[in-house]
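The next block holds one structure in the form of structure tokens; read it before the comments.
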Amino acid sequence: MSNPPPKPPSKAATVPVEERITVEQQSWEIVGPPLPRESNWNITCLSVILILAGAALVSPLVGITASAALALGFVLLQTVGMCLIPVLSILYLYFRSWWSEGYYCCCIPREPFVDLYTKILFLIYQKTLIPGLLKRPTSANLKLDEIRPKAFLKKKDVDYALNLGVPLGSEDEFGVVQTCISKIGSFVKENLGKLWMVQHFEAFKPGEDPVQFVMDRLGQVYPEMHQQWPDKQSDAALARFCRVGLAAHRVESVLEEEDGSSTGTVSGTSSTSTGDPKVKYYVVRTCTMSVLEVMDGYARYGSDVYFDADWKVVKIEDSGFGKPAADNQPANYLSKTTFKPGEPGWEEAKFRFRSSLMTMVTIVDHLYAIHLQISNLLVVAMREKMDPNHPMRRFLTPYTYRTIGVNDNARTNLTAPRTMANRSFALSPKGTGLVWAAAPSLLKGGVDVIELPPTTTESSSPGADAATEPLRRLKIGLNRRLYITLYKQKVRGIYTPYDEWNLKYWDVTYSFVTEYVKQYYGGDLQNLAQDKQVMAMIRQYLHQMEFTNSSSLGAAAADIFNSALPQLPVALADIFIDVITAYICLVTSGHEQVGSIAPYVQDASWCASKFVPGASCGTKNGALNIALLMSFTSTPMPLLMKPLAGQNVEMGSGGEAWEPWTHLFPDQNKTWAGYHGPTGNGADNSGGTPDKVFWDYQKSLQDLSKELDEYNATSDEPVYCFNPKYLETSVSV
Ligand SMILES: [Fe+2]
Numbered sequence: 001m002s003n004p005p006p007k008p009p010s011k012a013a014t015v016p017v018e019e020r021i022t023v024e025q026q027s028w029e030i031v032g033p034p035l036p037r038e039s040n041w042n043i044t045c046l047s048v049i050l051i052l053a054g055a056a057l058v059s060p061l062v063g064i065t066a067s068a069a070l071a072l073g074f075v076l077l078q079t080v081g082m083c084l085i086p087v088l089s090i091l092y093l094y095f096r097s098w099w100s101e102g103y104y105c106c107c108i109p110r111e112p113f114v115d116l117y118t119k120i121l122f123l124i125y126q127k128t129l130i131p132g133l134l135k136r137p138t139s140a141n142l143k144l145d146e147i148r149p150k151a152f153l154k155k156k157d158v159d160y161a162l163n164l165g166v167p168l169g170s171e172d173e174f175g176v177v178q179t180c181i182s183k184i185g186s187f188v189k190e191n192l193g194k195l196w197m198v199q200h201f202e203a204f205k206p207g208e209d210p211v212q213f214v215m216d217r218l219g220q221v222y223p224e225m226h227q228q229w230p231d232k233q234s235d236a237a238l239a240r241f242c243r244v245g246l247a248a249h250r251v252e253s254v255l256e257e258e259d260g261s262s263t264g265t266v267s268g269t270s271s272t273s274t275g276d277p278k279v280k281y282y283v284v285r286t287c288t289m290s291v292l293e294v295m296d297g298y299a300r301y302g303s304d305v306y307f308d309a310d311w312k313v314v315k316i317e318d319s320g321f322g323k324p325a326a327d328n329q330p331a332n333y334l335s336k337t338t339f340k341p342g343e344p345g346w347e348e349a350k351f352r353f354r355s356s357l358m359t360m361v362t363i364v365d366h367l368y369a370i371h372l373q374i375s376n377l378l379v380v381a382m383r384e385k386m387d388p389n390h391p392m393r394r395f396l397t398p399y400t401y402r403t404i405g406v407n408d409n410a411r412t413n414l415t416a417p418r419t420m421a422n423r424s425f426a427l428s429p430k431g432t433g434l435v436w437a438a439a440p441s442l443l444k445g446g447v448d449v450i451e452l453p454p455t456t457t458e459s460s461s462p463g464a465d466a467a468t469e470p471l472r473r474l475k476i477g478l479n480r481r482l483y484i485t486l487y488k489q490k491v492r493g494i495y496t497p498y499d500e501w502n503l504k505y506w507d508v509t510y511s512f513v514t515e516y517v518k519q520y521y522g523g524d525l526q527n528l529a530q531d532k533q534v535m536a537m538i539r540q541y542l543h544q545m546e547f548t549n550s551s552s553l554g555a556a557a558a559d560i561f562n563s564a565l566p567q568l569p570v571a572l573a574d575i576f577i578d579v580i581t582a583y584i585c586l587v588t589s590g591h592e593q594v595g596s597i598a599p600y601v602q603d604a605s606w607c608a609s610k611f612v613p614g615a616s617c618g619t620k621n622g623a624l625n626i627a628l629l630m631s632f633t634s635t636p637m638p639l640l641m642k643p644l645a646g647q648n649v650e651m652g653s654g655g656e657a658w659e660p661w662t663h664l665f666p667d668q669n670k671t672w673a674g675y676h677g678p679t680g681n682g683a684d685n686s687g688g689t690p691d692k693v694f695w696d697y698q699k700s701l702q703d704l705s706k707e708l709d710e711y712n713a714t715s716d717e718p719v720y721c722f723n724p725k726y727l728e729t730s731v732s733v
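Heads up, the sequence shown is in the numbering used here, so the first residue is 1 and it goes up one at a time.
Here you go:
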């Protein structure tokens with residue numbers, strides 16, 4: 001079915017920027033979901049009466065049709081007339097009757113704000129989510145006899161992405177049972193996106209609370225939130241947004257010595273520059289989004305925000321503000337409109353930046369990087385290359401819990417054409433394809449270093465010659481301590497509270513990984529090089545991941561994973577610990593940073609997923625769609641940290657739903673297939689036990705949580721995503 005033509009964009013788009021009125025934006029208060037959660041099927045007495053009345057109007061026609069059919073002897077047509085038409089009439093009126101604004105003169109509801117797909121998905125999801133929320137899974141769900149054997153996993157390709165498959169949900173471990181119902185559910189999930197898309201352009205009225213609008217309709221499935229943002233709209237709030245909020249992992253810098261025409265060009269990770277870099281601007285960029293085509297009627301994304309060395313906002317350079325360039329014209333991003341604080345258009349420019357940033361983070365950092373690359377490819381490599389009794393397979397099991405099912409949901413419900421991402425954001429099919437193609441080059445947080453041009457000028461880093469140069473960049477890109485201290489701080493002059501707590505969380509995790517590995521490889525990490533399963537797993541993972549494969553690292557990398565690493569046991573051990581630590585950090589705190597963004601998208605005047613030209617608030621359709629997408633993240637996973645005494649972080653159940661996962665750790669002294677090196681933690685096994693290492697880890701997490709709580713209690717820039725008490729062991733949607 002073809003889409004109806006969208007309504008024309010707002011007239012405000014035609015008003016020159018200097019003549020636009022600056023609208024004072026309101027910081028709408030964050031509203032949590034009502035607890036305990038209860039289903040809402042959107043059935044009211046009035047709607048039932050009106051729906052039945054509507055169906056009754058249809059019934060005479062049905063009777064006439066049926067009688068005529070009977071007279072003609074068309075039994076089949078009679079059956080259809082008697083049964084199907086009234087049923088379809090009732091369903092049609094039911095789905096139109098909720099999330100709408102009033103009725104026309106009879107019982108036909110007015111514009112419903114969202115299309116049929118969104119409502120059906122909401123009903124399906126509500127049915128599965130609310131019962132699931134009543135009890136959080138714990139590590140007790142990780143039963144040893146349910147760990148599945150090493151085997152090649154059945155996968156389906158991801159739309160838009162090249163050469164990227166996601167295992168079917170039926171391949172997951174722990175309590176996954178294939179029934180007729182689950183097969184029907186899978187069929188529905190695979191095909192629901194075939195329903196048509198309708199664009200609704202209804203705007204919020206002046207003074208209408210967009211938060212309450214969303215929560216009135218989706219509150220029962222909306223995630224719980226712990227972030228506090230009493231001020232969302234001021235310039236100071238924008239600085240907070242970039243230093244410790246949603247943009248914190250994407251901060252770049254322009255240095256004093258850099259030519260303004262080449263702002264953002266990275267000179268390398270070399271430490272040849274002496275002294276601290278002089279920062280001219282801190283900047284967060286989304287300008288590359290401006291070249292992406294959007295659907296008719298919507299504004300384009302894309303702008304960069306600049307702060308001075310004291311983090312006072314200086315300007316926003318908006319690349320998506322004007323009309324798209326015609327064919328054969330210079331690229332759109334070269335045409336920028338500059339906005340400065342207090343000048344006409346400033347509030348709209350801030351809104352456009354925040355919304356562009358949220359869109360980029362959700363598609364690129366969350367869906368593409370965390371789900372379909374990092375967590376997907378690691379769990380595939382682990383399941384395909386490691387036996388169930390392998391100590392590292394056991395170690396990774398909590399951090400991959402339900403990851404296959406979650407990513408299968410992401411493939412079917414979020415990334416497939418005409419599913420939630422398509423319906424939430426303004427990108428056209430062409431724009432969506434382009435953003436997926438560009439995703440690897442849009443990443444920050446280490447990938448920016450991995451993809452730097454090779455340099456051999458640094459002699460102090462591990463592996464200083466050209467042959468191991470890719471390995472050096474890979475290590476700096478993976479290892480948060482090196483990335484933040486050697487690159488962000490030393491080369492780019494960036495060090496925010498986000499970086500400070502990122503380092504602390506990294507160190508706790510790094511220590512846990514290191515000490516655990518020592519327990520099984522004779523106390524010496526270099527023995528990892530003798531483990532054929534580890535080698536096979538890490539090789540597959542790094543080869544398949546788009547930002548660590550040889551096309552990103554350069555041709556020399558092709559040989560590194562095949563032949564060089566086994567000859568470099570120190571380097572292999574380093575890389576392996578970095579890879580595993582980075583994985584754990586990314587699926588816990590990284591996912592919290594880029595995926596748990598419910599407070600942001602709850603407010604369409606703060607971070608909107610789609611908006612029309614000239615608007616400083618998203619459409620109602622976009623607000624509901626992105627809120628439903630965000631509700632998918634409500635699915636609870638096991639808590640990472642044992643809750644502190646008296647600290648009830650469990651959501652709604654009133655209990656501390658946490659269990660240790662030490663039962664997963666195998667006997668230290670037993671060997672396993674593909675490894676013939678020393679076992680245990682040393683000659684006399686005097687280096688502790690895996691259990692002790694685990695409890696040390698828990699103690700460190702609790703200490704970090706307390707320290708961060710104390711910091712947040714007095715800081716204007718609280719940091720949430722590195723607080724272990726909020727983190728789960730594995731990704732949710
Ligand atoms: Fe997620």
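The beta carbon of each residue, even a glycine, is placed where N, CA and C say it ideally should be. This structure is a prediction, so every number in the text was calculated from the model and none was measured.
Trp229 is positioned such that its CB atom lies no closer than 8 angstroms to that of Pro497. Residue ranges of uninterrupted alpha helix (DSSP H) with 4 or more members, entirely inside the stretch 398–454 and ordered along the chain, are 403–409, 420–424, 429–442, 447–450.
For Thr415, the shortest separation between its Cβ and any heavy atom of ligand 1 does not lie below 7 angstroms.
When beta bridges are read from the DSSP output, Thr337 appears opposite Asp318. Rounded to whole angstroms, the gap between the alpha carbons of Met392 and Ser319 is 47 angstroms. Annotation note: the stretch 168–199 contains the following uninterrupted alpha helix (DSSP H) runs of length 4 or greater, listed N- to C-terminal: 180–191.
The stretch 708–723 makes no contact with the stretch 692–700: fewer than 3 CB pairs, one atom from each, lie closer than 8 angstroms. Those residues whose C-beta sits under 6 angstroms from the nearest heavy atom of ligand 1 are, from N- to C-terminal order along the chain, His366, His371, His591, Gly595, Thr633, Val731, Ser732, Val733.
Judged by DSSP in its simplified three-state form, Val570 adopts helix. In the three-state reduction of the DSSP assignment, Tyr697 falls in the helix class. Put simply, the backbone Cα of Ala615 is about 35 angstroms away from that of Leu91. Per DSSP, reduced to three states, the secondary structure at Phe307 is strand.
In the three-state DSSP reduction, Glu659 falls in the coil class, being neither helix nor strand.
Secondary structure at Ser253: strand, using DSSP grouped into helix, strand and coil. Asp172 is positioned such that its CB atom lies closer than 8 angstroms to that of Arg402. Assigned with DSSP and collapsed to three states, Tyr125 falls in helix. Considering only Leu378, Lys205, Val284, the residue with the shortest C-alpha distance to Thr548 is Leu378. DSSP, reduced to helix, strand and coil, places Tyr516 within a helical segment of the structure shown. The residue from Thr138, Glu208, Ala582, Ile124 with its alpha-carbon nearest to that of Ile370 is Ala582. Residue state for Tyr505 is assigned as helix, using DSSP reduced to three classes.
Counting along the chain, Asp235 sits inside no beta strand (DSSP E); it lies in the alpha helix (DSSP H) bounded by residues 235–243. Taking Ile580 as reference, the option from Met641, Ser609, Ile597, Trp506 with the minimal CA-CA separation is Trp506. Of the other Cβ atoms in all chains shown, 16 or more fall within 10 Å of the Cβ of Ser47; this residue is therefore buried. Beta-carbon to beta-carbon, Leu478 and Ala571 are separated by about 12 angstroms, too far to satisfy the 8 angstroms threshold. Judged by DSSP in its simplified three-state form, Thr635 adopts coil rather than helix or strand. Here the stretch 408–424 makes contact with the stretch 359–373; the two share three or more CB pairs at distances below 8 angstroms. Looking only at Val733, Gly297, Leu35, Ser605, the smallest Cα-Cα distance to Arg411 is reached by Val733. Annotation for Arg354: the continuous alpha helix (DSSP H) segment containing it runs 346–360.
Note on Phe152: under 16 other CB atoms within 10 angstroms of its CB, so exposed under the neighbour-count rule. Looking from the CA of Glu728, the closest CA among Tyr117, Ala608, Ala627, Gly590 belongs to Gly590.
Distance from the CA atom of Phe122 to the CA atom of Glu592, rounded to whole angstroms, is 23 angstroms. Annotation for Ala248: Tyr498 place their beta carbon closer than 6 angstroms to its own, counting only its chain and skipping 5 residues before and after. Counting only the Cα atoms, Leu664 lies some 36 angstroms from Asp159. For Glu592, the secondary structure class from DSSP, reduced to helix, strand or coil, is helix. Nearest neighbour of Ser139 by Cα position, chosen from Leu640, Pro223, Lys430, Gln178, turns out to be Leu640. In the DSSP annotation of this structure, the continuous segment of the alpha helix (DSSP H) that includes Tyr541 starts and ends at 532–544.
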